[in-house]
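Position one of the first sequence corresponds to residue 43 (this note's numbering), numbered consecutively onward.
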Amino acid sequence: MTQLMLYNTRTRAKELFVPLDAENVRAYLCGPTVYDRAHLGNARNVVIFDILIRLLRRLYPRVTYVRNITDIDDRINERAAARGVTIEEVTEGPVRWYHEDMGALYTLPPDIEPRATEHLPEIIEIIERLIANGHAYEAEGHVLFSVASDPAYGKFSGRSTDELIAGARVDVAAYKRDAGDFVLWKPSSPDLPGWDSPWGRGRPGWHIECSAMSWKHLGENFDIHGGGDDLIFPHHENEIAQSCCAFPGSNFANVWVHNRMLLVNGEKMSKSLGNFFTLNEVLDKAPGEAIRFLLMRSHYRSTLDFSEAGIKEARAELDRFYRAIQQHPGADREVAVMLVFDALLDDLNTPAAIAALHKYADLALAGNAAGAAALKTAGKLLGLFNMTPEEWFRGGIDQGAIEGLIAQRVLARIAKDFAESDRIRDVLLKEHGVIIEDKPGGAYEIRKA
RNA sequence: GGUCCGGUGGCAGAGUGGUGAUGUAGCGGACUGCAAAUCCGCGUAUGUGGGUUCGAUUCCCGCCCGGACCUCCA
C-alpha cells in the first residue's frame, strides 16, 4: 500500500485520503480552552495529530496545520472574575504551559495558531450570514442557530433531531424555538468580557469560534478536521451546521479524524472522579518522549487506559531502542522503512509501526548497521529519538558526584573485593539513582535508574 | 431510557474466514565474580451461547460485562 487510508467519522468507514489540493493539504485540530493546565487526554489528541501531520508532510509538498486557542469561554471568565483580572491575564499562563507541555512531547507547533479573540469580525460575519439566510434568529439578546432550519443537522453524529429534543437533559431556555438550538452569540453583562456586535455587546458561543477560525485560515472547504470523539456531538455537529449553512454548497471538512478517550482506571479522566492527570504532573515522573511513546502504543481509535505500569513499559521499550541506536553511532543515513510507513498509512496503526521498530532494533542489536539506520529513520517518522543515547541514558547524571565512587569500585573489582564493589553499586543506585553495568575487560557503563 | 463502540495470553496491544503480531512481566539456559544488558529457548489468550461455512477469533443473532455520547468535555 502506498496511499493513506484514514477512518472518516463522517462516513464511518476507512477511506483513501484524497486531498482537495495536493499542493497544500489543509488540516484543523480543535485546540485547548486556555483556563488551566493541559491534561493527558489533550496530549493524546495532539500527539496523534502530530503523527498524522508528520506523515502528511512525507506525502505532500505542503501541509497547513491550524490549531486554535479558545480564549473566549465562560470558564475563563469565571476565573477572571474570581481573581479580579482580565481574561488576557488568565489565559497567558495556560497558553505558555500548553506550548511548553506539547513541546516536551516533541509535537510540532501548528503553522497557524489562531485565537478566538482575534476573530470577532469573522465570527460576526458568519452569524450575519446565518441570520440572513434563515438559519439563525435573534432572541432576547441571544443569537441562536435553528436546528430545524438545517435538514442535515444530526446526520454527522448519527442522531435525529427528535431524539435530541427528547433527550435534552438540561433546562431549555424559553427563548429557544427548539430545544436543540444552540447559542451563536450571547449578551455579556457589564462585568463580563464582551465585544460590540449588531446584537449588542456580547460574546460568541464556543462552536462558532472554530467555524470562524477554520474558515479564515483554511477556507470554506478543507481536508482534515481532528479532535477527541467526545467533540463529535455537539461541537463538531454544530460546526458543520454553522459552516455549511453559512456557506451554501460547502462541505466544511472532508475527513474527520477522532481519537477515542484516554481512560484512567477504566474511566474517562475527569476532575470529579479524581482520576485527573495534568501533563505537567506526568512529565515530572517520566521523560516526555516516554509519555509520547506511551500515547502511541495503542491505536488512536481505541481507548487507552493510562497507568504507571504503562509508563514503565514505555520507558523499557525506548531503552531497548536507544541501546540499539547506541551500538551504531554512524548509522544516520535515511533508509526505506516500508514496514513502519505502511503501518502508518493504514489509518495510523502506530502499534503495528512499533512492532516494526522492534524488528529493526533486533537487527541493530545483532550488529546490523542498516537496522539501526532503519530504526532511526522510522523513529523520525514517529517523532521519536529526539535525544542521543547519551542524553537518554545519562542526561542529568551528576558525574562529579559519582566519579569517586566509581573509581573505588574499579579498584575493588581489581582486588576482587566483590563485597565492596557490590556495596558501592548499591550506593550508586540508592543514593544517586545510577545503575552501573560491568562490561567485558573491566569496562563499565552507567545509566539513570 | 436513546445512540454508538469494545471484550485477544499475568498485563499492554495489533492483525486476520484457514494452525494468533509485537512488547512487557514470568520461567529455563548462555554470558557475568554476582548482577545488568544482550543472545537462545519455554509457557499461557480470542467473554458466553447459538447460526452461516469445508473451516470463525474474524461474518450474523442472543446473552453477559465494560466504556463513550445524549448540548462543560481532547
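Even for Gly, the Cβ is constructed at its ideal location relative to N, Cα and C.
Can asparagine 317 and valine 324 be called in contact, C-beta distance under 8 Å? On the first sequence, residue 317 is found 275 positions in, with the first residue counted as 1. On the first sequence, residue 324 is found 282 positions in, with the first residue counted as 1. No; because the gap between Cβ atoms is not below 8 Å, this pair is not in contact.
As assigned by DSSP and simplified to three states, the class of glycine 268: Translated into positions along the first sequence, residue 268 becomes position 226. Reduced to three states, the DSSP call for glycine 268 is strand.
What first and last residue would you give for the beta strand (DSSP E) that runs through aspartate 233? On the first sequence, position 191 is the one that residue 233 refers to. Careful: aspartate 233 lies outside any beta strand (DSSP E) and carries neither H nor E.
Beta-carbon gap between leucine 337 and alanine 69 smaller than 8 Å: For the purposes of this step, residue 337 is taken as residue 295 along the first sequence, with counting starting at 1. For the purposes of this step, residue 69 is taken as residue 27 along the first sequence, with counting starting at 1. Against a cut-off of 8 Å, the Cβ pair of alanine 69 and leucine 337 comes out as no contact.
Please report the residue range of the alpha helix (DSSP H) in which tryptophan 139 lies. Here residue 139 corresponds to residue number 97 of the first sequence, with the count starting at 1. If you look at tryptophan 139, you'll find it in the alpha helix (DSSP H) that goes 129–146.
Quick check on this structure: which residue in Gly145, Pro151 and Ile111 has the alpha carbon closest to the alpha carbon of threonine 133? By one-based count along the first sequence, residue 133 stands at place 91. Cα-wise, what sits closest to threonine 133 is Ile111.
Tell me which residues share the same chain as alanine 373 and place their Cβ nearer than 6 Å to its Cβ, disregarding the 5 neighbours each side in the sequence. One-based indexing of the first sequence puts residue 373 at position 331. The answer, listed in chain order, is Ala411, Ala414 and Ala415.
How do the segment 215–228 and the segment 142–152 stand: do at least 3 beta-carbon pairs fall below 8 Å, yes or no? no
Inter-residue spacing [alpha-carbon to alpha-carbon] between alanine 178 and leucine 172: The residue you call residue 178 lines up with position 136 of the first sequence. The residue you call residue 172 lines up with position 130 of the first sequence. Between alanine 178 and leucine 172, the C-alpha separation is close to 5 Å.
Determine the DSSP secondary structure at isoleucine 169, reduced to helix, strand or coil. On the first sequence, residue 169 is found 127 positions in, with the first residue counted as 1. Helix, per DSSP.
Thinking arginine 436 and isoleucine 488 are a contact (beta carbons under 8 Å), I'd like their distance in whole angstroms, please. Counting from one through the first sequence, the residue named residue 436 turns up at place 394. Counting from one through the first sequence, the residue named residue 488 turns up at place 446. That pair is a contact at about 7 Å.
Suppose you measure from the CA of leucine 360 to the CA of alanine 332; what does that come to, to the nearest Å? Here residue 360 refers to the residue found at position 318 when the first sequence is read from its first residue. Here residue 332 refers to the residue found at position 290 when the first sequence is read from its first residue. In a straight line, the C-alpha of leucine 360 is about 7 Å away from that of alanine 332.
Through-space distance from phenylalanine 427 to isoleucine 477, alpha-carbon basis: Taking the first residue of the first sequence as position 1, residue 477 is located at position 435. Taking the first residue of the first sequence as position 1, residue 427 is located at position 385. Approximately 21 Å, taken between the alpha carbons.
Nearest-angstrom Cβ-Cβ length linking alanine 366 and phenylalanine 335, presumed shorter than 8 Å: For this step, residue 366 is matched to residue 324 along the first sequence. For this step, residue 335 is matched to residue 293 along the first sequence. With a beta-carbon spacing of about 15 Å, alanine 366 and phenylalanine 335 fall beyond the 8 Å limit used to define contacts.
Measure the C-alpha to C-alpha separation of histidine 161 and glycine 242 and round it to an integer number of angstroms. Counting from one through the first sequence, the residue named residue 161 turns up at place 119. Counting from one through the first sequence, the residue named residue 242 turns up at place 200. Approximately 17 Å between the Cα atoms of the pair.
Please name the residue or residues paired with leucine 346 in a DSSP beta bridge. As a working note, residue 346 is residue 304 in the first sequence. Partner(s): Leu304.
Suppose contacts are defined by Cβ-Cβ distances below 8 Å. Is isoleucine 168 in contact with isoleucine 90 by that definition? Walking along the first sequence from the start, residue 168 turns up at place 126. Walking along the first sequence from the start, residue 90 turns up at place 48. Isoleucine 168 places its beta carbon 8 Å or farther from that of isoleucine 90.
Comparing alpha-carbon positions, which option in Arg339, Gly484 and Ala221 lies nearest alanine 190? Against the first sequence, residue 190 aligns to sequence position 148. Considering only alpha carbons, the answer is Ala221.
If you pair each beta-carbon of the segment 429–447 with each one of the segment 388–398, do three or more pairs fall below 8 Å? no
Taking all protein chains shown into account, do 16 or more other C-beta atoms lie within 10 angstroms of the C-beta of alanine 485, making it buried, or fewer, making it exposed? Counting from 1 along the first sequence, the entry for residue 485 is found at position 443. Taking all protein chains shown into account, alanine 485 has fewer than 16 neighbouring C-beta atoms within 10 Å of its C-beta and is therefore exposed.
Starting from the C-beta of valine 297, find all residues in its chain whose C-beta is less than 8 Å away, skip the five residues before and the five after it, and write them out in chain order. Position 255 of the first sequence, counting from 1, holds the residue named residue 297. For valine 297, the CB contacts under 8 Å within the same chain, skipping 5 residues up- and downstream, are Leu48, Asn50, Arg52, Glu57, Phe59, Asp265, Ile266 and His267 in chain order.
CB contact flag (glutamate 164, alanine 295, <8 Å): As a position in the first sequence, residue 164 is number 122, starting the count at 1. As a position in the first sequence, residue 295 is number 253, starting the count at 1. Going by C-beta atoms, glutamate 164 is not nearer than 8 Å to alanine 295.
Can alanine 454 and isoleucine 466 be called in contact, C-beta distance under 8 Å? As a working note, residue 454 is residue 412 in the first sequence. As a working note, residue 466 is residue 424 in the first sequence. Yes, the Cβ-Cβ distance between alanine 454 and isoleucine 466 is below 8 Å.
Complete runs of the alpha helix (DSSP H) confined to the segment 332–396 [at least 4 residues]: For the alpha helix (DSSP H) assignment, the uninterrupted runs of no fewer than 4 residues enclosed by the segment 332–396 are, from N- to C-terminal side, 350–368 and 380–387.
Same chain only: Cβ atoms within 6 Å of isoleucine 282, ignoring 5 sequence neighbours per side: Here residue 282 is taken as the residue at index 240 of the first sequence, counted from 1. Closer than 6 Å at Cβ, skipping near neighbours: Phe198 and Phe294.
Suppose you measure from the CA of arginine 302 to the CA of valine 105; what does that come to, to the nearest Å? For this step, residue 302 is matched to residue 260 along the first sequence. For this step, residue 105 is matched to residue 63 along the first sequence. Answer to the nearest angstrom: the Cα atoms are 24 Å apart.
What separation, rounded to the nearest whole angstrom, lies between the Cα atoms of proline 329 and phenylalanine 275? Locating residue 329 in the first sequence gives position 287, where the first residue counts as 1. Locating residue 275 in the first sequence gives position 233, where the first residue counts as 1. About 34 Å.
Measuring only the C-alpha atoms, how far is glycine 135 from glycine 409? In the first sequence, counting from the first residue as 1, residue 135 sits at position 93. In the first sequence, counting from the first residue as 1, residue 409 sits at position 367. Distance between the alpha carbons of glycine 135 and glycine 409 is about 48 Å.
In chain order, what residues of the same chain lie with their CB nearer than 6 Å to the CB of arginine 375, ignoring the 5 residues before and after it? As a position in the first sequence, residue 375 is number 333, starting the count at 1. Ala415, listed in sequence order.
Report back the beta-carbon spacing between threonine 320 and arginine 109 to the nearest angstrom; my notes put them in contact at under 8 Å. Numbered from its first residue, the first sequence carries residue 320 at position 278. Numbered from its first residue, the first sequence carries residue 109 at position 67. Not really, about 19 Å apart at Cβ, beyond 8 Å.
If I measure Cβ to Cβ from arginine 211 and keep anything under 8 Å in the same chain, skipping five residues before and after, which residues do I get? What you label residue 211 is simply residue 169 of the first sequence in a count that begins at 1. Note on arginine 211: pLDDT 48, under 50, position unreliable in the model; no value is reported.
If we require 4 or more residues per run, which alpha helix (DSSP H) segments fall completely within the segment 268–299? Qualifying alpha helix (DSSP H) stretches, in chain order: 279–288.
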